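> Can you read through this structure? Questions will come right after.
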Amino acid sequence: RKVAIDASMCLYQFLIAVRSEGAQLTSVDGETTSHLMGTFYRTIRLVEQGIKPAYVFDGKPPDLKGGELAKRAERRDEAQKLLQAAEEADIVYLLGNAEDVEKFNRRLVKVTKTHAEEAKQLLQLMGIPFIDAPCEAEAQCAALVKAGKVYATATEDMDALTFGCNVLLRRLTFSEAKKMPIQEFHFDKVLEGLELNHNEFIDLCIMLGCDYTNSIKGVGPKRAIELIKTHRSLEKIIENLDTKKFPIPKDWNYKQARLLFQEPEIIDPETIDLKWTEPDEEGLVKYLCGDKQFNEERVRNGAKKLHKARNTSTQGRLDTFFKVLSSPNPLKRK
DNA sequence: AGTCTGGCTCAAGACGCG
DNA sequence: GTTTCTTGAGCCAGACT
DNA sequence: CGCGTCC
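Structural data, given as structure tokens:
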């Protein structure tokens, strides 16, 4: 089974989570290796389960996202200051605030171009395909699913549904599968359950608060559902809304936001040829064990696992883990 | 009473030995 | 050529019906 | 499983 994965999101998680004593894993020259560690072993795991992953990297964010990104930058600056304060306190007291330093450090993490390039190089050596999306990765993933190039998108981000991704898998990482089952969402079932069509669903998501616009104060999940079901479009909702109780945000650019969901900038999936090839064991050893100082035995072992899984078409084993969820509670967005 | 929103916080991986 | 890019979940206060 | 370790 072929599955599309938002690479940036994975890298972000690895950079935050893969740590030892609060610090990222690094090679001797101080270069971070957490993202490579995570990508290498998780991908092997997936392939061993008969899954063929294709990683999708973000391109440039849409202009409309500027406001949201500015907010994030602001939060980052704030964390930076707090971090500095905590560090200084540490120097003074030599103990105590270590966990604060750690906490703020995590909040400062961002995925750089270099992280992405290194991950791509690794995937190349592993024989795993990847794509550079022109814009939002989730949009490109959704397009791949729609075109039948992959079976599903594996993500924690519900925006994939808004982009029209038919099948969405949550918690595809198996180490946690012990605690939490894999969830499989089918967009058509979700729409059925909500009794909405795709465009109405998009308008709903805009009201619930997407990255592209502000939302209406006082309107949360309950009211939003109510509104979309009675009026069926943002235009009608605005016409009929008591704007004294629920003021429409100034310069509310919902039409453009809607367009970004309906017609996102993507590469035509038909021009994309996903190929899973033999892993380059020697290349992997050279790359990971040379500069990055991974354990050679582990890397060779990983390469062999990739090779083996590739040549034994054990598919289907996975199906038993899947639970198909249609409409339980997609309100859980923000 | 109960309902709903909004602002706050936190947490986020994987391997392998015992 | 400079910048770049992820989220859900839970808990609690407070406004409103 | 729990927990130290991965780099």
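Heads up, the first sequence is in full-length UniProt numbering, so the first residue is 1 and it goes up one at a time.
Ideal Cβ placement from N, Cα and C applies to all residues, glycine included.
All figures in this text were calculated on a predicted structure; none of them were measured in a lab.
Taking only runs of the beta strand (DSSP E) that begin and end inside the region 136-205, which ones reach a length of at least 3 residues, in chain order?
As far as the region 136-205 is concerned, its whole beta strand (DSSP E) runs of at least 3 residues are 152-154, 167-170 and 182-186.
> On the CB-based measure, 16 or more other CB atoms within 10 Å of its CB, does N311 come out buried or exposed?
It is exposed - the Cβ of N311 has fewer than 16 other Cβ atoms within 10 Å.
> Can you tell me where the beta strand (DSSP E) holding V3 begins and where it ends?
V3 -> beta strand (DSSP E) spans K2 to D6.
> Taking Cβ to Cβ, would you say residue 335 is nearer than 7 Å to T33?
No statement about residue 335 is possible, as the shown extent of the chain runs from 1 to 334 and does not include it.
> Tell me the DSSP bridge mates of K222?
Paired residue(s): none; K222 is not in a bridge.
> Extract the residue ranges of the beta strand (DSSP E) inside the UniProt domain "XPG N-terminal" (1-79), only unbroken runs of 3 or more that lie entirely within it.
Entirely contained in the UniProt domain "XPG N-terminal" (1-79), the beta strand (DSSP E) runs reaching 3 residues are, in chain order, 2-6 and 52-57.
> Considering I237, what are the terminal residues of the beta strand (DSSP E) in which it resides?
Careful: I237 lies outside any beta strand (DSSP E), inside the alpha helix (DSSP H) at L234 to N240.
> I'd like to know if the region 116-134 and the region 265-272 are in contact, where contact means that at least 3 CB-CB pairs between them fall below 8 Å.
Because the criterion of three Cβ pairs below 8 Å is met, the region 116-134 and the region 265-272 touch.
> Give the range of the alpha helix (DSSP H) segment to which F130 is assigned.
Taken as a continuous stretch (DSSP letters only), F130 belongs to no alpha helix (DSSP H), being part of the beta strand (DSSP E) at F130 to D132.
> By Cβ distance, which residues of its chain are closer than 8 Å to S327, with the 5 residues on each side in sequence left out?
Per-residue confidence for S327 stands at a pLDDT of 40, beneath the threshold of 50, marking its modelled position as unreliable; the derived number appears in the next sentence. Closer than 8 Å at the Cβ level, and outside the excluded window around S327, lie K189, V190, E192, G193 and L194.
> Over the uninterrupted alpha helix (DSSP H) stretch that includes E297, give me the two end residues.
E296 to N311 is the extent of the alpha helix (DSSP H) around E297.
> Output needed for N214: all residues of its chain with C-beta closer than 6 Å, excluding positions within five of it in sequence on either side, in chain order.
Correct list, in chain order: P249.
> Is A86 close to the ligand ADP? I mean its beta-carbon at under 6 Å from any heavy atom of the ligand.
With respect to small molecules bound, the structure shown includes none, and the ligand ADP cannot be examined in it.
> Decide if E117 is buried, meaning its Cβ has at least 16 other Cβ atoms within 10 Å, or exposed.
Exposed.
> What number of angstroms, rounded off, separates the C-alpha of F14 from the C-alpha of G38?
When rounded, the distance between both Cα atoms is 6 Å.
> Compute the distance between the beta-carbons of L204 and H115, then report whether it is under 7 Å.
Contact flag unset, no.
> Pull up the CB-CB distance for L168 and I182, whole angstroms please, since I reckon it's below 8 Å.
Going by Cβ atoms, the distance from L168 to I182 rounds to 11 Å, so no, they are not a contact pair.
> To the nearest angstrom, report how far apart P53 and I237 are at their CA atoms.
P53 and I237: Cα-Cα distance of roughly 41 Å.
> List the endpoints of the continuous alpha helix (DSSP H) containing T261.
At residue 261 the sequence reads Phe, which differs from the Thr that was named. Residues Y254 to Q262.
> When the Cα of L83 is compared with those of E102, Y55, A73 and C141, which residue comes out closest?
Considering only alpha carbons, the answer is E102.
> Are the beta-carbon atoms belonging to C210 and A4 less than 7 Å from one another?
Result no, Cβ atoms of C210 and A4 do not sit closer than 7 Å.
> What is the residue span of the alpha helix (DSSP H) that K245 lies within?
Unbroken run through K245: none, as it is neither H nor E.
> Give the C-beta separation of Y212 and L64 to the nearest angstrom, bearing in mind that I take them to be a contact with Cβ-Cβ under 8 Å.
4 Å between Cβ atoms; contact.
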